[in-house]
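For the record, the sequence lines run as chains A and B. Just so it is clear: in the first sequence, position 113 is 113 by my numbering, and no numbers are missing. Just so it is clear: in the second sequence, position 71 is 71 by my numbering, and no numbers are missing. Glycine included, every Cβ here is placed at the ideal spot set by N, Cα and C. Scroll down for the structure; my scribbles are underneath it.
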Amino acid sequence: MQHVAGLSGARAGAKAAVEVRGLSHVYAGRDGAVPALESIDITVPAGRFVVIVGPSGCGKTSLLMMLAGLRAQSSGTILIDGRPIARPDPERVGVVFQEASLYPWLTAVENVEFPLALKHAPRGERRDRAEAMLKLVGLEGFGSRHPHELSGGMKQRVSIARGLVQDPPVLLMDEPFAALDEQTRMTMGHELLRIWGETSKTVVFITHSLTEAVYLADEVLVMSARPGRILDRITVDLPRPRTYQMMATEAFGALRERIWGQIRTAP
Amino acid sequence: MRGGTLVLFRLALLAAVLLLWEALPRFGLVNAMLLPPLSDVLAALAHILGRADVHTALGVTAAEVVVAFVIAVPLGAALGVLSAENEYFGDIFKPMLFYVFSIPKSIFLPMFILVFGIGFPQKVAYATFSTVFIVIMSAAAAVESVKAEHLLVARSYGATQAQILRRVYLPSMLPILLEALRISMIFNFTGVMIAEMYASRVGIGRLIADWGENFEMTKLLAGVILLAAAAMAFNEAVRSLEARCSTWRA
Chain A
1 MQHVAGLSGA
11 RAGAKAAVEV
21 RGLSHVYAGR
31 DGAVPALESI
41 DITVPAGRFV
51 VIVGPSGCGK
61 TSLLMMLAGL
71 RAQSSGTILI
81 DGRPIARPDP
91 ERVGVVFQEA
101 SLYPWLTAVE
111 NVEFPLALKH
121 APRGERRDRA
131 EAMLKLVGLE
141 GFGSRHPHEL
151 SGGMKQRVSI
161 ARGLVQDPPV
171 LLMDEPFAAL
181 DEQTRMTMGH
191 ELLRIWGETS
201 KTVVFITHSL
211 TEAVYLADEV
221 LVMSARPGRI
231 LDRITVDLPR
241 PRTYQMMATE
251 AFGALRERIW
261 GQIRTAP
Chain B
1 MRGGTLVLFR
11 LALLAAVLLL
21 WEALPRFGLV
31 NAMLLPPLSD
41 VLAALAHILG
51 RADVHTALGV
61 TAAEVVVAFV
71 IAVPLGAALG
81 VLSAENEYFG
91 DIFKPMLFYV
101 FSIPKSIFLP
111 MFILVFGIGF
121 PQKVAYATFS
131 TVFIVIMSAA
141 AAVESVKAEH
151 LLVARSYGAT
161 QAQILRRVYL
171 PSMLPILLEA
181 LRISMIFNFT
191 GVMIAEMYAS
201 RVGIGRLIAD
211 WGENFEMTKL
221 LAGVILLAAA
231 AMAFNEAVRS
241 LEARCSTWRA
């Protein structure tokens with residue numbers, strides 16, 4: 001996977017990979033305007049792993065859609081890799097969605113190739129690239145399977161491979177492991193950190209799980225209930241590589257407790 | 001039951017039915033006037049297949065079926081997609097389509113004769129009318145079967161509208177569309193047959209109606225076998241296409 005690390009490793013400089021300034025969003029509801037997001041400021045330096053947690057309906061997913069250029073905010077600016085994002089730009093942002101986002105009529109490798117096929121990349125080149133990505137996510141030899149022949153964890157590995165196939169500096173992940181069972185979820189978290197280590201992407205990851213948040217993150221952003229605001233920014237200073245044993249430590253528990261305290265007391 | 005055994009049992013059942021068809025009238029257990037033996041019917045089939053008027057009738061009927069199909073399917077598909085994609089259009093037209101769909105179409109036959117006269121256009125118009133509703137409903141269902149997250153993924157990777165249509169809508173809808181094609185052919189064929197049997201000068205439906213009225217049971221049954229074979233051939237052809245296109249369905 002040398003070429004993967006090589007392509008984006010150079011980005012791990014000082015420049016912010018994701019920058020959100022004064023972002024607010026209001027949508028038109030049944031009874032007039034509903035404030036959904038309020039004065040959000042986020043700076044994610046290149047190569048960082050940031051996790052956003054918050055109660056259901058706080059606008060985390062909307063925020064992610066805006067970072068992906070899939071939805072427009074009412075006000076404020078978003079810079080990805082130093083430039084505004086008005087529409088989806090797979091060269092800069094890869095998105096990994098919640099469960100079941102693979103195309104069931106395509107094989108695993110064709111799913112991974114999909115973004116390249118949209119750009120009319122040469123057939124051989126995109127197949128090689130997709131196979132390399134499948135190998136990176138630990139699915140070498142599974143390329144010809146259809147999604148219904150893969151387990152939930154394997155499907156999300158394919159989704160991650162698809163998100164990485166164009167080598168974007170930023171990877172956005174919207175509760176990618178929410179539908180998995182506890183054990184698979186732990187394994188996938190660990191695998192994601194390995195992949196992240198090999199590719200040095202900037203990751204913005206949304207989850208409901210506080211344990212997952214602390215385990216994965218360099219920094220955890222805690223959001224309030226609607227309208228979503230950033231209540232707290234918690235730096236997770238646990239050493240890397242993270243291990244399962246860390247979950248039992250006092251430091252891990254204290255971080256988890258601090259996040260829970262924020263969410264619980266949130267208005 | 002294993003696949004091989006199952007096929008064997010099915011063939012045995014078919015053989016038994018055909019054998020009974022031959023034996024019962026031969027031994028006088030059923031009236032041979034009402035049910036002529038299979039061998040007689042097959043002989044009649046070979047005979048009518050050699051007749052020029054039957055060739056003409058088959059040609060006319062086939063043309064009616066094909067033209068009505070070629071009109072009804074794209075028309076119905078377009079209306080169905082429109083009613084699923086366009087909220088206003090859908091809200092206005094869907095209930096009406098739904099109610100009209102429930103009406104037996106044959107009660108409109110006299111009106112088709114008044115408007116088009118008896119002939120090719122009337123057959124085509126009536127068959128199109130009998131087919132178009134099921135196509136509309138199926139096409140609308142096919143559009144609604146497209147998953148929102150699949151569209152979102154395509155958009156997030158910068159797909160153009162044309163790419164979304166070709167790479168997401170079409171493959172998502174294909175299994176339902178093929179099934180719709182198969183079922184609409186049943187409606188379409190039925191439409192042409194009813195229109196021909198009700199009032200016409202030419203066509204295989206007309207011949208079958210004549211043979212029935214003249215109590216020519218061997219010819220009537222030969223005609224039935226002929227049409228049944230044609231309908232089954234089309235059905236199986238689309239079904240094998242369906243199976244090939246939806247291997248990904250668990």
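Inset, instruction - Please report the residue range of the alpha helix (DSSP H) in which B/Leu35 lies. - result: In this chain, B/Leu35 is not harboured by any alpha helix (DSSP H), its DSSP state being neither H nor E.
Legend entry - Proximal residues to B/Thr128 (C-beta, below 6 Å), its chain only, five neighbours per side dropped: Cβ within range, chain order: Ala68, Ile71 and Ala72.
Legend entry - C-alpha gap between A/Val34 and A/Gly124, whole angstroms: In a straight line, the C-alpha of A/Val34 is about 49 Å away from that of A/Gly124.
Inset, instruction - Could you tell me which residues DSSP pairs with A/Asp174 in its beta bridges? - result: Partner(s): A/Ile206.
Legend entry - 8 Å Cβ cutoff met for A/Ile80 and A/Val18: Cβ distance < 8 Å, so A/Ile80 and A/Val18 count as in contact.
Legend entry - Contacts of B/Glu242 in chain A (Cβ-Cβ under 9 Å): Contact of B/Glu242 with chain A by beta-carbon distance below 9 Å is absent, the smallest such distance being about 13 Å.
Legend entry - First through last residue of the alpha helix (DSSP H) which encompasses A/Gly94: For A/Gly94, there is no enclosing alpha helix (DSSP H); the residue is part of the beta strand (DSSP E) that begins and ends at Val93 to Val96.
Inset, instruction - For A/Pro168, count neighbouring C-beta atoms within 10 Å of its own C-beta (all shown protein chains included) and say buried if the count is 16 or more, exposed if not. - result: With 16 or more Cβ atoms within 10 Å of its Cβ, A/Pro168 is classed as buried.
Inset, instruction - Give a yes or no on whether the C-beta atoms belonging to A/Phe350 and A/Ala117 are separated by under 8 Å. - result: Outside the shown range of chain A (1 to 267) lies residue 350 of chain A, about which nothing can therefore be said.
Legend entry - Which of helix, strand or coil DSSP assigns to A/Pro45: In the structure shown, A/Pro45 sits in a strand (DSSP, three-state: E or B).
Inset, instruction - Under 8 Å between beta-carbons, which chain B residues line up against A/Ser101? List them in chain order, please. - result: In chain order: Glu149, His150, Leu152 and Val153.
Inset, instruction - Specify whether the region 21-30 of chain B and the region 148-157 of chain B touch according to this definition: at least 3 beta carbon pairs, one from each stretch, less than 8 Å apart. - result: Under the Cβ criterion (8 Å, minimum of three pairs), the region 21-30 of chain B does not count as touching the region 148-157 of chain B.
Legend entry - Short-range partners of chain D found in the region 79-110 of chain A, where Cβ spacing is below 9 Å: Here chain D cannot be found, since the structure's protein chains are A and B.
Inset, instruction - Report all residues from its chain with a CB closer than 6 Å to the CB of B/Phe116; omit the five preceding and five following residues, and keep chain order. - result: Excluding its 5 nearest sequence neighbours in each direction, B/Phe116 has C-beta neighbours in its own chain below 6 Å: Gln122 and Ala125, listed in chain order.
Inset, instruction - Provide the residue span of the beta strand (DSSP E) that contains A/Asp232, from first to last. - result: For A/Asp232, the enclosing beta strand (DSSP E) begins and ends at Ile230 to Thr235.
Legend entry - B/Ser172 in three-state terms, based on DSSP: Residue state, collapsed to three classes: helix.
Legend entry - B/Gly59: first and last residue of the uninterrupted alpha helix (DSSP H) it sits in: From DSSP, the alpha helix (DSSP H) with B/Gly59 extends over Ala52 to Glu85.
Inset, instruction - Kindly say whether A/Phe114, judged by its beta-carbon, lies nearer than 8 Å to any beta-carbon of chain B. - result: Yes, its Cβ sits closer than 8 Å to a Cβ of chain B.
Inset, instruction - Give the residues from the region 47-72 of chain A that approach chain B closer than 7 Å (Cβ to any Cβ), ordered along the chain. - result: Within the region 47-72 of chain A, those residues whose Cβ lies closer than 7 Å to any Cβ of chain B are, in chain order, Ala68 and Leu70.
Inset, instruction - Measure the C-alpha to C-alpha separation of A/Thr43 and A/Arg21 and round it to an integer number of angstroms. - result: For A/Thr43 and A/Arg21, the gap between their C-alpha atoms comes out near 8 Å.
Legend entry - Cβ-Cβ distance between A/Phe205 and A/Met188 below 8 Å: In this structure, A/Met188 does not lie closer than 8 Å to A/Phe205 by Cβ.
Inset, instruction - Determine, using beta carbons only, whether A/Arg233 and A/Leu216 come nearer to each other than 8 Å. - result: Going by C-beta atoms, A/Arg233 is not nearer than 8 Å to A/Leu216.
Legend entry - Straight-line Cα distance separating A/Ser74 from A/Leu231: A/Leu231 and A/Ser74: Cα-Cα distance of roughly 21 Å.
Inset, instruction - Specify the secondary structure class of A/Gly29 as computed by DSSP and reduced to three states. - result: Judged by DSSP in its simplified three-state form, A/Gly29 adopts strand.
Legend entry - Proximity test, Cβ basis, 8 Å: A/Val18 and chain B: Judged by the 8 Å Cβ criterion, A/Val18 is not in contact with chain B.
Legend entry - 8 Å Cβ cutoff met for A/Val50 and A/Glu219: Cβ atoms of A/Val50 and A/Glu219: closer than 8 Å.
Inset, instruction - Drop a sphere of 10 angstroms on the beta-carbon of A/Thr243, count the other beta-carbons inside from all chains shown, and report buried for 16 or more, exposed for fewer. - result: A/Thr243 comes out exposed.
Legend entry - Exposure of B/Ile103, with buried meaning 16 or more beta-carbon neighbours within 10 Å: Classification of B/Ile103: exposed, given that the 10 Å Cβ count is below 16.
Inset, instruction - Would you grab the beta carbon distance between A/Ala225 and A/Ile259 for me? Rounded to a whole angstrom, and I think it's under 8 Å. - result: About 15 Å separates the two Cβ atoms, so there is no contact after all.
Legend entry - Straight-line Cα distance separating B/Arg51 from B/Val146: Near 50 Å, if we compare the C-alpha coordinates of B/Arg51 and B/Val146.
Inset, instruction - Mind checking which residues open and close the beta strand (DSSP E) that includes A/Ser144? - result: If you look at A/Ser144, you'll find it isn't in any beta strand (DSSP E); DSSP assigns it neither H nor E.
Legend entry - C-alpha distance - B/Ala162 paired with A/Val112, whole-angstrom precision: Looking at the backbone, the Cα of B/Ala162 and that of A/Val112 are separated by about 20 Å.
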